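Enquirer:
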Amino acid sequence: MDTTQTHLGSVAGADNAPIGVFDSGFGGLTVAREIAKALPEESLVYLGDSARCPYGPRSLAEVDGFVQQIGGWLVGRGVKMIVIACNTATAAGLAHAQRTLPVPVIGVVEPGARAAVHATRNRRVGVIATKATVESDAYTRAIRHIDAGITVFSTATPRFVEIAEQGIRMAEGPIENYTSLASKVYIRPAFQEIAKEYLEPLRRCDIDTLVLGCTHFPLLKALIGGVVGREVTLISSAKEAARDVAEILGRRGALAERGRAPRHEFFTTGADTEEFRAFGSRVLRLPIASVERVGLE
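In this note's numbering, the protein residues as written are 952 to 1248.
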């Protein structure tokens, strides 16, 4: 049975049920942003699991449990599809979620891996991610599954998550000017030193493509690109995942009706909904009207 056609609000050849998106915090809003750009008529239900953030240092088994729990909660909200907008959670729980949940589930690893394979010319690809994502070997396996001749160089860059969030706090000003404000904040000398320490070894490996294997990292594109150089193609999993969402829903005849106004809902497990709203608006680059708190035991 095609579950995408069973939701209320469906019309012939369309499904107005929302797309569920979740992450351990704010980073997955970069994925939500790309989905909203690619599919402006689709409604979104976004959950940031801030109470248990970060996922990176946790065991994959523990994160898999979180994926099952949040996936079940999103299904209960009537979503037609789930996007695991977190590389660590994708590595830990995607296959399990695809087996147990009644709607299509995609992650951010495979779309990013596929784009890297298509982009590389010298078949030397770098991956930067959290410790858990790197240790899972998810990107190496996904890339080499498509092209076994590619050499993958992975490195954990945990401080990039801190820098991304610090930059959001420092980029004071209107949301519409956020991009120019943030690019100035992120190229501070202290941040550049940390970026060089992480990225110089990858540069010396002669990579020509670098996968930003954490959903926070597209926020740091100017900083990362400035260190690795223009000749290195940066791959954002967020954009690639949005392409996959459009393709899957299109094939299933489950896209929302044309011309409809979407409804976006935002939730967090964290205590401070106002901080999530203010922070999230900058990552999403659109004002978030309100955020509700969800208790997940």
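All C-beta atoms in this analysis are idealised placements derived from N, C-alpha and C, irrespective of residue type, glycine included.
Fair warning: this is a prediction, and the values are worked out from it, not measured in the lab.
Can you check whether the CB of residue 1195 is closer than 8 angstroms to the CB of residue 1035?
Expert: No. Outside cutoff.
Enquirer: In whole angstroms, give me the CA-to-CA distance for residue 1193 and residue 1139.
Expert: Those two C-alpha atoms are separated by around 31 angstroms.
Enquirer: In this structure, how does DSSP classify residue 1163 when only helix, strand and coil are distinguished?
Expert: Of the three classes helix, strand and coil, the one that applies to residue 1163 here is strand, per DSSP.
Enquirer: Does the region 1216-1232 come close enough to the region 986-999 that 3 or more CB-CB pairs lie under 8 angstroms?
Expert: A contact exists between the region 986-999 and the region 1216-1232.
Enquirer: Sorted by chain position, which residues of the same chain lie with C-beta nearer than 6 angstroms to residue 1107's C-beta, five sequence neighbours on each side aside?
Expert: Here the set comprises 1082 and 1085.
Enquirer: I need the DSSP call for residue 1045, collapsed to helix, strand or coil.
Expert: Helix, per DSSP.
Enquirer: Looking at C-beta atoms only, is the number of pairs between the region 1207-1215 and the region 1169-1182 that lie closer than 8 angstroms three or more?
Expert: No, the region 1207-1215 does not touch the region 1169-1182.
Enquirer: Assign residue 974 to one of two classes, buried (16 or more other C-beta atoms within 10 Å of its C-beta) or exposed (fewer than that).
Expert: It is buried - the Cβ of residue 974 has at least 16 other Cβ atoms within 10 Å.
Enquirer: For the beta strand (DSSP E) holding residue 974, just list the boundary residues, first then last.
Expert: First-last of the beta strand (DSSP E) with residue 974: 970-974.
Enquirer: Looking at residue 1014: is its Cβ nearer than 8 angstroms to the Cβ of residue 983?
Expert: The answer is no: Cβ separation not under 8 angstroms.
Enquirer: For residue 1179, name the three-state secondary structure that DSSP assigns.
Expert: Of the three classes helix, strand and coil, the one that applies to residue 1179 here is helix, per DSSP.
Enquirer: Would you report the Cα separation of residue 1075 and residue 1088, rounded to the nearest angstrom?
Expert: Using only the alpha carbons, I get a separation of about 16 angstroms.
Enquirer: DSSP puts residue 1075 in a beta bridge; with which residues?
Expert: Paired residue(s): 1102.
Enquirer: Look up residue 1137 in the DSSP assignment and give the residues it is bridged to.
Expert: Paired residue(s): none; residue 1137 is not in a bridge.
Enquirer: Let's see if you can read the secondary structure: which residues bound the beta strand (DSSP E) around residue 1184?
Expert: From DSSP, the beta strand (DSSP E) with residue 1184 extends over 1184-1187.
Enquirer: Per the DSSP calculation, residue 1032 is bridged to which residue(s)?
Expert: Paired residue(s): 970.
Enquirer: Using alpha carbons as the reference points, say which of 969, 988, 1137 and 1164 lies closest to residue 1235.
Expert: Checking every option, the nearest Cα to that of residue 1235 belongs to 988.
Enquirer: Measuring alpha carbon to alpha carbon, tell me which residue in 972, 1224 and 1246 is nearest residue 1022.
Expert: If we check each option's Cα against that of residue 1022, 972 comes out closest.
Enquirer: Residue 1229 to residue 1239, Cα distance in whole Å?
Expert: The alpha-carbon atoms of residue 1229 and residue 1239 are separated by roughly 8 angstroms.
Enquirer: Measuring alpha carbon to alpha carbon, tell me which of 970, 1019, 1092 and 1175 ends up nearest residue 1028.
Expert: Taking only the C-alpha atoms, the option nearest residue 1028 is 970.
Enquirer: Can you give me the C-alpha to C-alpha distance between residue 1243 and residue 1225, rounded to a whole angstrom?
Expert: Taking the straight line joining both Cα atoms gives about 9 angstroms.
Enquirer: Considering just the uninterrupted stretch of the beta strand (DSSP E) at residue 1168, what are its terminal residues?
Expert: Run containing residue 1168: none; DSSP gives neither H nor E here.
Enquirer: Identify whether residue 963 lies in helix, strand or coil by the three-state DSSP scheme.
Expert: Legend: pLDDT at residue 963 = 47, less than 50; position of this residue unreliable, value from coordinates given subsequently. Residue 963: coil per DSSP, three-state reduction.
Enquirer: Tell me which residues share the same chain as residue 954 and place their Cβ nearer than 7 angstroms to its Cβ, disregarding the 5 neighbours each side in the sequence.
Expert: Any reading at residue 954 must be qualified, since the residue scores a pLDDT of 40, below 50, and its modelled position is unreliable; the value itself is stated next. Excluding residues within five positions, the ones whose Cβ falls inside 7 angstroms are 1053 and 1054.
Enquirer: Using the Cβ count rule (16 or more neighbours within 10 Å means buried), how would you classify residue 966?
Expert: Result: buried.
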